[in-house]
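Numbering-wise, the sequence shown is residues 1 to 142 according to the UniProt record's numbering.
Beneath this line is the structure, given in structure tokens, with notes to follow.
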Amino acid sequence: MRDQIQDEDDEVRHERAGPSTPSSYGPMHTDIVFSIRCHCSGIISRWAERSRNWPPPDIVKKVVTMGAFVTPVGFKGSEYKHVEWRICLNTAEIELLGSLNDKQIYTNVILKMVIKDVFKPAKKEHHTQSKILYFGWQRTIQ
């Protein structure tokens, strides 16, 4: 498969990356993700009920109301990946990232750099980000 395809409208379509279909129009880059909004209250409620130091209760309440999306992306190597879907909590992740203080942001960036450059994981960056947010900051960095 070619890395990119250019059509007559000057749109350059890039190779699919996870659930997104990336393309470019000159200097503008877009990622289109087809998804369906869903309410997975069980998953979000279990996360919200965990004891934690971060995020603060007001952010937890806000995240709970955001819901989730499902996207038609199967597990690599799965016999049924053509019919599997992935639950995405991207709006919640954006809210959580927005609630980090400066030291948490710097720590997050350094962790991602170390994992990417030193350990060179087979998993994509969003898996690392999700784990950091899932496990949270057990001790709030002041």
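Note that CB positions come from ideal geometry on N, CA and C, so glycine has one too.
| Item | Value |
| --- | --- |
| Alpha carbon to alpha carbon, how far is Asn53 from Phe119? | 28 Å |
| On the DSSP bridge list, what partners appear for Met28? | Tyr25 |
| By Cβ distance, which residues of its chain are closer than 7 Å to Ala92, with the 5 residues on each side in sequence left out? | Val63, Met66 |
| Under three-state DSSP, which class holds Glu84? | coil |
| Out of Val109, Phe34, Pro27, state which residue places its alpha-carbon closest to the alpha-carbon of Thr21. | Phe34 |
| Could you compute how far the alpha carbon of Arg16 sits from the alpha carbon of Ile32? | 10 Å |
| Assign Val109 to one of two classes, buried (16 or more other C-beta atoms within 10 Å of its C-beta) or exposed (fewer than that). | exposed |
| Use the C-beta contact count for Cys38: other C-beta atoms within 10 angstroms, 16 or more gives buried, fewer gives exposed. | exposed |
| Ordered along the chain, which non-local residues of its own chain (more than five positions away) have a Cβ less than 6 Å from that of Arg86? | Thr71, Val73 |
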